[in-house]
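Here is the structure we will look at.
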Amino acid sequence: MSWRKGDPPFSQLIFYKEGKRLLFVVDMQNDFVDNKRGLMAVPGGEEIVPGILARIKKAEADGETVVYTLNDHHEMEEDLRSQEEKNWGHELYGPLKEALKGHVAVKKGYYAVHPEKLMEALTNAGKDHLSMDHIELVGVDTAVCVLSNAVVLRNLFPDAKIIIRTDMTRAKEDELGRKALDVMKGLSMEVL
1 MSWRKGDPPF SQLIFYKEGK RLLFVVDMQN DFVDNKRGLM AVPGGEEIVP GILARIKKAE
61 ADGETVVYTL NDHHEMEEDL RSQEEKNWGH ELYGPLKEAL KGHVAVKKGY YAVHPEKLME
121 ALTNAGKDHL SMDHIELVGV DTAVCVLSNA VVLRNLFPDA KIIIRTDMTR AKEDELGRKA
181 LDVMKGLSME VL
């Protein structure tokens, strides 16, 4: 940048820092991602893991806040597995376990995080959550938990730019996934 006649002195220039960015990783647990043993595995869930790992590394390098959800589904009546198998199903999938270590975990019951639990988790982690202006969602299932969490985030951060990464999300049923993406577009979210 060169200084031109009429420009203010360098000391008077205002530098705007881009607001807070949040990477929100949805339900990347064994039961939803592992297509061999997962109780509720989403087809193609394993395929999006490398992209999510790369996105987490970028978020870390750029100083973004990373939040991931843990769907607490231990008490499902139809789940007749041993407790050991249930615990395995609840764990983060493969390399994501290590990649998400040290980031903000939020447990959720069914479809979406409770807004107060999310804000509490961010506060406890020392994250400035009041000025989030760019939120990116990745994970599974596009038509259920990604959609539900996107709606919660839209309500918590109404002015934020919310992006749904289709290259890093998957739905159990393709048609429902497409419809969910249309709903999110209708809620002023960007679908990439």
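Numbering-wise (the UniProt record's numbering), the sequence shown opens with residue 1 and increments by one. Virtual Cβ for every residue (Gly too), placed ideally from N, Cα, C. Predicted model, so just to flag it, every value in this text is computed and none were measured.
Counting the other CB atoms within 10 Å of its CB gives Y110 a total below 16, which places it among the exposed residues. Boundaries for L187: no beta strand (DSSP E) harbours it, and the DSSP string shows neither H nor E there. When rounded, the separation of the alpha-carbon atoms in E78 and L39 is 10 angstroms. For L100, the closest C-alpha among the options Y68, D27, E175 is that of Y68. C-alpha of D182 to C-alpha of P43: approximately 20 angstroms in a straight line. The Cβ neighbour count for T65, taken over all protein chains shown within 10 Å, is at least 16; the residue is labelled buried. Between the beta-carbon of V146 and that of L137 there is about 6 angstroms, and that keeps the pair under the 8 angstroms contact cut.
Counting C-beta pairs with one atom in each stretch, the segment 170-180 and the segment 87-102 have fewer than three that are closer than 8 angstroms, which means they do not touch. According to DSSP, residue pairing for V106 in a beta bridge involves T69.
Counting only unbroken stretches of 3 or more residues, the beta strand (DSSP E) elements lying wholly within the segment 104-177 are 104-108, 132-140, 161-170, in sequence order. Taking C-beta separations shorter than 7 angstroms and ignoring five residues to either side along the sequence, the partners of G51 in its chain run D167, M168, following chain order.
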